[in-house]
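Numbered according to full-length UniProt numbering, the sequence shown spans residues 1 to 330. Some notes on the structure that comes next.
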Amino acid sequence: MNIGDKVRLLRGKEEGIVTKILSNNIIEIEIEDGFTIPVKRSDAVIIDELEQKTFKPVAPSRSFEPQASIERRQPTTPEILANKGVYMAFVPVNDRELSQHLINNTDWELPFMLSVGSDPHHKGLASGTLKPKSSIKVQNVLVKDFEEWGTFVFQAFFYRLAFMKLPEPLIRRLKFRVNTFFKSKQKAPILNQDAHLFQLDAEDSVNPVPTKINTEKLIEQMFEKQTPEPVVVLPNKPALEVDLHIEKLSADAWAMSNREMLALQLATFDKQFEAAIANGMDEITFIHGVGNGVLRDAIHKKLSGHKNVKYFEDAQKEKFGYGATNVKIK
């Protein structure tokens with residue numbers, strides 16, 4: 001049975017055209033008076049082309065059955081729809097980066113728009129139609145830029161080619177906070193991956209939030225409710241002073257070349273500096289030693305012009321000499 005086939009219902013006198021093939025062996029049929037109805041595939045039979053040409057509308061093929069038997073049959077059950085299940089998910093790519101997705105785990109089509117920014121200035125990120133049981137990737141975002149993500153605004157309508165009770169449009173504003181965002185990790189539907197998952201059509205968030213309500217507090221409470229076993233993935237908060245001397249970083253330093261030592265020291269610097277930013281630290285000191293100045297110069301070059309650096313300077317000369325750099329973080 002395919003879309004466009006002309007069929008007759010076995011539990012009634014109606015005839016019509018198949019307009020949609022649904023899951024669970026359900027089809028949608030447009031009957032002659034213009035209505036579209038869902039029926040089980042087993043309750044419809046295709047009308048053969050030769051029959052259509054030879055005969056005009058005839059009694060159903062079950063006419064030989066006793067009338068009492070027909071009356072005892074139950075009417076077809078209505079289609080059961082998945083009306084809830086719209087999510088925003090952030091899937092870890094690595095310890096620095098997340099990929100942002102929109103997920104539609106309902107049986108509705110969702111014409112939508114997603115933007116980000118702060119009122120009144122917003123930038124469009126994605127738009128289109130989210131098909132039922134599907135997802136789209138929006139963008140990749142950096143953990144270190146968390147505080148600069150802005151407010152995400154998701155707007156959508158619910159649509160199906162059928163008679164229906166008209167649902168309200170969905171409008172959600174999301175401004176994430178560190179103490180809730182990184183506690184929201186769970187398995188994302190459709191993607192089937194671990195993600196920081198936020199439901200956009202939860203019962204307490206279907207209607208737009210009035211402007212006088214503390215939206216950040218409301219969102220925080222909502223997200224905490226749907227996380228039975230929080231998993232914190234925020235990078236460990238580094239010490240206020242990070243020692244980059246090679247003997248502190250590797251027991252095999254004696255077997256490493258100068259180039260390998262420098263690479264390990266700079267990789268440690270990058271990791272600890274980004275962890276400090278992600279954890280909201282105001283400052284951090286890197287002990288690099290004096291030596292020939294190669295490591296110090298490389299660190300200063302990375303810090304120069306960095307958008308998260310307020311300023312940096314030689315740290316506590318009486319304690320470290322010129323062998324440490326203190327970084328003030330924005």
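Cβ coordinates follow ideal geometry from the N, Cα and C atoms, glycine included.
Quick check: the Cα distance between residue 117 and residue 155, rounded to an integer number of angstroms? Position 117 of the sequence shown, counting from 1, holds the residue named residue 117. Position 155 of the sequence shown, counting from 1, holds the residue named residue 155. Cα-Cα distance, rounded: 14 angstroms.
Whether residue 313 touches residue 285 by CB criterion (8 angstroms): What you label residue 313 is simply residue 313 of the sequence shown in a count that begins at 1. What you label residue 285 is simply residue 285 of the sequence shown in a count that begins at 1. Against a cut-off of 8 angstroms, the Cβ pair of residue 285 and residue 313 comes out as no contact.
What first and last residue would you give for the alpha helix (DSSP H) that runs through residue 243? Residue 243 sits at position 243 when you count from the first residue of the sequence shown. Per DSSP, residue 243 belongs to no alpha helix (DSSP H); it is in the beta strand (DSSP E), 241 to 243.
With respect to the beta strand (DSSP E) encompassing residue 155, which residues constitute its N-terminal and C-terminal limits? Within the sequence shown, the letter at position 155 stands for residue 155. Element bounds for residue 155: 151 to 156.
Which of the three DSSP states is assigned to residue 316 in this structure? What you label residue 316 is simply residue 316 of the sequence shown in a count that begins at 1. Coil at residue 316, not helix or strand.
Residue span of the alpha helix (DSSP H) that contains residue 278, given as start and end: Along the sequence shown, read from residue 1 onward, the residue named residue 278 stands at position 278. Start and end: 258 to 278.
Identified DSSP bridge partners for residue 182: Along the sequence shown, read from residue 1 onward, the residue named residue 182 stands at position 182. Bridge partners of residue 182: none, in fact.
At the level of alpha carbons, what is the spacing between residue 136 and residue 298? Translated into positions along the sequence shown, residue 136 becomes position 136. Translated into positions along the sequence shown, residue 298 becomes position 298. Roughly 40 angstroms separates the two Cα atoms.
Please name the residue, chosen from 267, 6, 330, that lies closest to residue 308 on a Cα-to-Cα basis. Residue 308 sits at position 308 when you count from the first residue of the sequence shown. Of 267, 6, 330, the residue nearest in Cα terms is 330.
Roughly how many angstroms separate the alpha carbons of residue 157 and residue 94, rounded to a whole number? The residue given as residue 157 occupies position 157 in the sequence shown. The residue given as residue 94 occupies position 94 in the sequence shown. If you draw a straight line from the Cα of residue 157 to the Cα of residue 94, it comes to about 34 angstroms.
First through last residue of the beta strand (DSSP E) which encompasses residue 294: If you number the sequence shown from 1, residue 294 lands on position 294. Element bounds for residue 294: not the beta strand (DSSP E) but the alpha helix (DSSP H), 294 to 303.
Please name the residue in 250, 98, 275, 324 whose C-alpha comes closest to that of residue 236. Within the sequence shown, the letter at position 236 stands for residue 236. Here the closest residue by C-alpha is 275.
Cross-strand partners of residue 20 (DSSP beta bridge): Residue numbering aside, residue 20 sits at position 20 when the sequence shown is read from its first letter. Per DSSP, 28.
Can you look up residue 8 in the DSSP assignment and give me helix, strand or coil? The residue labelled residue 8 in the question sits at position 8 within the sequence shown. If DSSP states are grouped into helix, strand and coil, residue 8 belongs with the strands.
Does residue 16 pass the burial test, meaning 16 or more other C-beta atoms within 10 Å, or should it be called exposed? The sequence position of residue 16 within the sequence shown is 16, counting from 1. By the 10 Å Cβ count, residue 16 comes out buried.
At 3 residues or longer, what runs of the beta strand (DSSP E) sit wholly inside the segment 94 to 125? The beta strand (DSSP E) runs of length 3 or more contained entirely in the segment 94 to 125 are, from start to end of the chain, 97 to 104, 110 to 118.
Residue 200 in three-state terms, based on DSSP: Taking the first residue of the sequence shown as position 1, residue 200 is located at position 200. Three-state DSSP puts residue 200 in coil, outside helix and strand.
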